[in-house]
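The sequence shown runs 0 to 302 under numbering that gives the first Met the number 0.
The beta-carbon is built from N, C-alpha and C at its ideal position, and this holds for glycine as well.
For reference, the structure discussed in these notes is given below.
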Amino acid sequence: MNYRHAFHAGNFADVHKHLVLLSLLERLQRKPKPLFYLDTHAGRGMYDLRGEAASRSGEWRHGIGRLMDLHPANEDLCRYLDAVRAVQTVPREPPARYPGSPLLAAGQLRAEDRIVLVEKQIQEAQALEEAVGRRRGLAVVCGDGYAAMKTYLPPRENRGLVMIDPPYESDGEFAGAQQALQAGLRRWPNGMFALWYPIKATPEAARLRAGLQGSGLRKLLRVELHLHPTDSPLRLNGSGLIIANPPWQFDTQILPALQDAAAALTLEAAVEPPRGIGTAATDARPASPGHHPSAVVEWLAGE
Ligand SMILES: C[S@@+](CC[C@H](N)C(=O)[O-])C[C@H]1O[C@@H](n2cnc3c(N)ncnc32)[C@H](O)[C@@H]1O
Numbered sequence: 000m001n002y003r004h005a006f007h008a009g010n011f012a013d014v015h016k017h018l019v020l021l022s023l024l025e026r027l028q029r030k031p032k033p034l035f036y037l038d039t040h041a042g043r044g045m046y047d048l049r050g051e052a053a054s055r056s057g058e059w060r061h062g063i064g065r066l067m068d069l070h071p072a073n074e075d076l077c078r079y080l081d082a083v084r085a086v087q088t089v090p091r092e093p094p095a096r097y098p099g100s101p102l103l104a105a106g107q108l109r110a111e112d113r114i115v116l117v118e119k120q121i122q123e124a125q126a127l128e129e130a131v132g133r134r135r136g137l138a139v140v141c142g143d144g145y146a147a148m149k150t151y152l153p154p155r156e157n158r159g160l161v162m163i164d165p166p167y168e169s170d171g172e173f174a175g176a177q178q179a180l181q182a183g184l185r186r187w188p189n190g191m192f193a194l195w196y197p198i199k200a201t202p203e204a205a206r207l208r209a210g211l212q213g214s215g216l217r218k219l220l221r222v223e224l225h226l227h228p229t230d231s232p233l234r235l236n237g238s239g240l241i242i243a244n245p246p247w248q249f250d251t252q253i254l255p256a257l258q259d260a261a262a263a264l265t266l267e268a269a270v271e272p273p274r275g276i277g278t279a280a281t282d283a284r285p286a287s288p289g290h291h292p293s294a295v296v297e298w299l300a301g302e
């Protein structure tokens, strides 16, 4: 496996995914009962935006780099930006670090909640262990996230979230992710799941949505952020999440946060563009001229 999330950390897809992740956890925490959080593809936890990988790709500059100066009224967007600000060592400078899903989740969850973070690559898992530190109720597992769904689901808490965020490096990964979501829901029918997928000019994302729509599953919400026209032949055009069993009224509540994020992503870059890399080889592109980034929130399958 070649995938290293360090190249992509803090890009617009991470903004979308992590904003939604923290919003889902906040809704779950409105009840005092303990939660279970499973991150099937956890990554290394903390990313150095001044490091070689992030500097070379420059993707974060067109993602979190455009949002750091915002102080939005929207509570969901505000919570996410505060969480990213909280890991910076020097405030009011371009961000130097970016927290991945495990750190964001662990930062928001409470002492009574249980957290399992699964990462397949040993070096990433070791870095993750260091980044999250030791804490009661938190486990870092070096292994296969899909196998972990069989081990840990259904959780004894019977409340919580499974975040499925594969790298989509191989052709079969869309089908694998869809099967994993379906199998997870068979094991834990009332569990909340969030499955991330890339939106490119190729038909896989539409096929995934159609496949889930035809699967007979209910309560599936499609939550997407489109930065470039969907048929743009370049690379990542949009970022998608399917949320199974979303919180009540999440569809109407998350839309304004995504619209605010989309508007900020169209702003002129607040930071220097990356040097020495061609845009064809990277997802570091500002929003396409003449195209307004947009959010899509709609039910794939309702009640
Ligand atoms: C997109 S990155 C995860 C980013 C992370 N979820 C975040 O938001 O910060 C995908 C990660 O999954 C890991 N991975 C790939 N296949 C896996 C598998 N079958 N089980 C667990 N981890 C896997 C990769 O090594 C990579 O670190």
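Excluding the five sequence neighbours on either side, which residues of its own chain have a C-beta within less than 7 Å of the C-beta of residue i, listed in chain order?
i, result
"Gly275", "In this prediction, Gly275 scores a pLDDT of 33, lower than 50, which makes its location untrustworthy; the coordinate-derived value is nonetheless stated afterwards. Around Gly275: no qualifying Cβ."
"Val14", "Gly62, Ile63, Leu66, Ala260"
"His17", "Tyr79, Ser100, Leu103"
"Leu304", "No information on residue 304 is available, as it lies outside the stretch 0 to 302 that the chain covers here."
"Glu123", "Gly42, Arg43"
"Ala269", "At Ala269, the pLDDT of 37 sits below 50, so the modelled position is not reliable; the number obtained from the coordinates is stated separately. So the list reads Gly64, Arg65, Asp68, once near-sequence residues are dropped."
"Trp59", "Ala8, Gly9, Asn10, Leu48, Ala53, Tyr97"
"Leu21", "Arg78, Tyr79, Ala82, Leu103, Gln107"
With a cut-off of 8 Å on the beta carbons, I'd call residue i and residue j a contact; round off their distance for me.
i, j, result
"Phe35", "Arg158", "7 Å"
"Arg221", "Gly301", "Not quite, the Cβ-Cβ distance comes to about 12 Å (not below 8 Å), so this is no contact."
"Leu160", "Leu27", "6 Å"
"Gly44", "Ala126", "7 Å"
"Pro326", "Ala82", "Since the first and last residues shown for the chain are 0 and 302, residue 326 lies out of range."
"Leu152", "Gly190", "7 Å"
"Val19", "Leu240", "6 Å"
"Ile121", "Cys141", "6 Å"
"Leu211", "Leu299", "6 Å"
"Pro232", "Ala193", "Actually they are not in contact, since the Cβ atoms of Pro232 and Ala193 sit about 28 Å apart, beyond 8 Å."
"Leu219", "Ala256", "About 20 Å separates the two Cβ atoms, so there is no contact after all."
"Ala145", "Ala105", "According to the sequence provided, residue 145 is Tyr. The question's Ala does not apply to it. About 22 Å separates the two Cβ atoms, so there is no contact after all."
How would you write the range of the beta strand (DSSP E) that residue i sits in, first residue to last?
i, result
"Ile242", "237–243"
"Arg221", "219–225"
"Arg96", "96–98"
"Phe11", "Counting along the chain, Phe11 falls outside any beta strand (DSSP E), though it belongs to the alpha helix (DSSP H) covering 11–27."
"Leu116", "113–118"
"Ser214", "No beta strand (DSSP E) holds Ser214; DSSP gives it neither H nor E."
"Leu299", "293–300"
Apart from the five residues just before and just after residue i, which ones in its own chain have a Cβ nearer than 6 Å to its Cβ?
i, result
"Asp112", "Pro33, Leu34"
"Val295", "Glu223"
"Pro229", "According to the sequence as given, residue 229 is Thr; it is not Pro. If we look at Thr229 and ignore the five residues flanking it on each side, its Cβ neighbours are Asn236."
"Ala12", "Ser238"
"Val86", "Arg96, Pro98"
"Pro154", "Phe35"
"Pro246", "Arg26"
"Ile75", "Correcting the residue identity first, residue 75 is Asp in this sequence and not Ile. Correct list, in chain order: Ser22, Ala256."
Is it the case that the CB of residue i approaches a heavy atom of ligand 1 more closely than 6 Å?
i, result
"Val161", "no"
"Val83", "no"
"His40", "yes"
"Tyr36", "no"
"Ser100", "yes"
"Asp164", "yes"
"Lys119", "yes"
"Asp143", "yes"
"Tyr167", "no"
"His15", "no"
"Glu123", "yes"
"Tyr2", "yes"
So, at 8 Å on beta carbons, what are the nonlocal neighbours of residue i in its own chain, with the 5 sequence-adjacent residues on each side left out?
i, result
"Gly50", "Ala5"
"His291", "Ala261, Thr265"
"Cys77", "His70, Pro71"
"Ala138", "Ile114, Val115, Leu116"
Got a sec, what are the start and stop residues for the alpha helix (DSSP H) residue i sits in?
i, result
"Val83", "74–85"
"Met148", "144–151"
"Pro255", "249–264"
"Ala53", "51–56"
"Gly175", "172–186"
"Leu127", "121–131"
Against chain B, with Cβ distances strictly below 7 Å, would residue i count as a contact?
i, result
"Arg96", "No chain B is present in this structure, which holds just one protein chain."
Whether or not the region 119–137 and the region 162–173 are in contact is what I'm after, with contact meaning three or more pairs of Cβ atoms, one per stretch, closer than 8 Å; do they touch? no
Any contact of the region 207–214 with the region 40–58, i.e. 3+ C-beta pairs under 8 Å? no
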